[in-house]
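A short worksheet on the structure shown next.
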Amino acid sequence: MKRTVISVIVLSLLCFIAYKVNEPTVTIAHGSLTMRYTDNKAAKEAKYIVIGTVKKHIGFSNEAFPMTDMTVEIEKSIKGNLNGEIVFVQEGGFDKEENRIIQIDNYKLLKEGNKYLLFLNEVPDEPGKYWSIGGPQTVYGLEKGKAINAHRDADNKTLAELEDIINNNK
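In terms of mature numbering (1 follows the signal peptide of the UniProt record, and there is no 0), the sequence shown is residues -20 to -1, 1 to 150.
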């Protein structure tokens, strides 16, 4: 009995150590936003404003700057006419080769299964791909009627407030 308990403890400890050794490191890349986007300005300048759910992360590239492609199922098109599934491109991501997560400041990678409101323009020279016009400033996580800004907590509001701002400025 004593051997069994010790064996279970040792095995558990080894599993925990193996997990921690293989856990990806997080590298925070710092950047500066060239332009401050208010919701009013973003609503005017974005070609598309949508509510959608991230379905799957489909790719990562780290050529000039780390970027992650993910599919987003559009549930509501507030401005412009986007329907169905699109490819959203986000700064940062998981670099499998180096086993690390590259995160731009506090802009965490959007999570599969979560719903977001996005202010979008099409990526130049990449038809069918879209990115937020102001990086994390123009990305809102949606949860229980709240719109949580990916950049600044001070910009959080209710979804109804955000939709009113958009409808008055598109």
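Where a beta carbon is used, it is the ideal one built from N, C-alpha and C, also for glycine.
Only a predicted model underlies this, so the values are computations on that prediction, with no experimental measurement involved.
With distance defined between alpha-carbon atoms, name the residue in the options nearest to residue i.
i	options	result
residue 143	45, 19, 67, 15	19
residue 112	5, -18, 22, 3	22
residue 26	139, 148, 102	102
residue 134	29, 140, 117, 107	117
residue 37	141, 78, 70, 63	70
residue 99	127, 42, 40	127
Which word fits residue i, buried or exposed, when buried means at least 16 other C-beta atoms lie within 10 angstroms of its C-beta?
i	result
residue 48	buried
residue -11	No answer about residue -11 holds up, because its pLDDT of 48 lies below 50 and its placement is not dependable.
residue 129	buried
residue 115	buried
Output the distance between the C-alpha atoms of residue i and residue j, rounded to the nearest integer angstrom.
i	j	result
residue 93	residue 15	30 Å
residue 86	residue 109	23 Å
residue 29	residue 121	14 Å
residue 123	residue 106	31 Å
residue 5	residue 96	26 Å
residue 83	residue 55	27 Å
residue 53	residue 67	9 Å
residue 138	residue 58	16 Å
Contact defined as beta carbons within less than 8 Å: I believe residue i pairs with residue j. What is the distance between those atoms, to the nearest angstrom?
i	j	result
residue 72	residue 104	Their Cβ separation, rounded to whole angstroms, is 20 Å, which puts residue 72 and residue 104 out of contact at 8 Å.
Going by DSSP, what residues sit across from residue i in a beta bridge?
i	result
residue 70	48
residue 33	53, 95
residue 139	Note: residue 139 sits in no beta bridge, so no partner.
residue 119	98
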